[in-house]
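Peer 1: Counting in my numbering, the sequence shown runs from 2 upward without gaps.
We treat Cβ as the ideally placed atom computed from N, Cα and C, and that holds for glycine.
Take a look at the following structure, please.
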Amino acid sequence: MAKKQTPVDVPVYLFTGFLESGKTKFIQGTFEDKRFNGGERTLLLICEEGEEEYDLSLFPYKNVYIRTIEDPSELTPDNLSALLEETGAERVVVEYNGMWQLQNIFGNLPENWAVYQEMMFVDSTTFLNYNANMRSLVVDKLNTCDLVAFNRFSKDYDKMEFHKIVRGISRRADIAYEYANGQVEYDDIEDPLPFDINADTIVIEDTDYALWYRDIMEEPQKYNGKIMKFRGLVAMDSKFPSGMFAVGRHVMTCCVDDISYCCIVAEWKNSASLQSRQWVNVTGTIEVKKHKLYRGKGPVLKVSEVVLTSAPEQEVATFY
């Protein structure tokens, strides 16, 4: 019997941002550029229509097939696969609706579709209002993007104000500022961690837990072999093997609705003496290794000391 071949990944380029944020203009220019558009058949999915319209006559090849998605319910694996087959496209570009949660598309991509790049476009003149009034949607888009481009930026604006909002959500996203004259500057503001990563024992203060947790999950190898000490909430489960427990904090990214328990795996010979929802000061050494809880490699705390303690003044950790 012939071996079944794994289907080749279909690259997806995802452009997010709110209405009139500059997505269409950027995508138009990208398709006009032969460095990106070498003639590959491309499916362009438009999930919202603004004032800008695409001018297909300016594309060097007649290779772009536009289809409109009017409702998130249309984002299903079957429907997306059908559109790809109908157009014979080799890749997909998505102009996403800023008012839709990204899970609508991430959770419904066909199995062999892979997001190669995600870029968020922002109208700097309205961004602070969006962040104040629709923060959950702002967080949703900033959380996974590779680049956030602040267009219509002004020399009068305080870069640090925009920088802090992005870095409060993502440390990995590149940040670009585009001015009215077309000049582009990339963000080079350094964000030193609020704790000494080279200390003999890295002590995480209650107010820094969210930042530390995100950092160790993004760059676990940086902590491999390091001794950590922090306050956390114990979680036990009958499915855990002997000598294991979880310890962490509830973290809020933007609002009450997105609070989640952010924990790491801990290994301790006396773990059976612990109970769920106990607050502890825990000390141990980080070892990055495979573990079922991570579905791959992740930071495992080899515990040397556990001391029962009280809850912190602010039980839910935040980035602010």
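Just verifying my parser: in three-state terms, what is the DSSP assignment at lysine 4?
Peer 2: Bear in mind that a pLDDT of 39 at lysine 4, under 50, signals an unreliable position, so the number given afterwards is only what the model happens to contain. Correct three-state label for lysine 4: coil.
Peer 1: For valine 167, which residues of its own chain have a beta-carbon under 7 Å away from its beta-carbon, when the five flanking residues on both sides are left out?
Peer 2: Leu143, Val149, Ala174 and Ile176
Peer 1: Is it buried or exposed, methionine 100, if we count other Cβ atoms within 10 angstroms and call 16 or more buried?
Peer 2: exposed
Peer 1: Flag this pair as touching only if the stretch 301 to 308 and the stretch 265 to 272 have three or more C-beta atom pairs under 8 Å; answer yes or no.
Peer 2: yes
Peer 1: In this structure, does DSSP put aspartate 197 in helix, strand or coil?
Peer 2: Of the three classes helix, strand and coil, the one that applies to aspartate 197 here is coil, per DSSP.
Peer 1: Leaving out the 5 sequence neighbours to the left and right, which residues in its chain are closer than 8 Å to glutamate 314 when beta-carbon positions are compared?
Peer 2: Asp207
Peer 1: With 16 other CB atoms within 10 Å as the buried threshold, where does phenylalanine 107 fall?
Peer 2: exposed
Peer 1: Tell me which residue opens and which closes the beta strand (DSSP E) that proline 221 is part of.
Peer 2: Counted as a single uninterrupted DSSP element, the stretch harbouring proline 221 is not any beta strand (DSSP E), since DSSP gives it neither H nor E.
Peer 1: Keeping to the same chain, check which residues put their C-beta closer than 7 Å to that of alanine 211; ignore five residues upstream and five downstream.
Peer 2: Val252, Ala318, Thr319 and Phe320
Peer 1: Would you call the stretch 229 to 248 and the stretch 184 to 198 touching, i.e. three or more CB-CB distances under 8 Å?
Peer 2: no
Peer 1: What is the DSSP secondary structure of methionine 245, reduced to helix, strand or coil?
Peer 2: strand
Peer 1: I need the boundaries of the alpha helix (DSSP H) containing threonine 88, first residue and last residue.
Peer 2: Looking at the DSSP string, the run of the alpha helix (DSSP H) that includes threonine 88 is 78 to 88.
Peer 1: Please list, in chain order, all residues of the same chain as glutamine 323 whose beta carbon is under 6 Å from its beta carbon, the five residues on each side excluded.
Peer 2: There is simply no residue 323 to check, as the chain begins at 2 and stops at 321 in what is shown.
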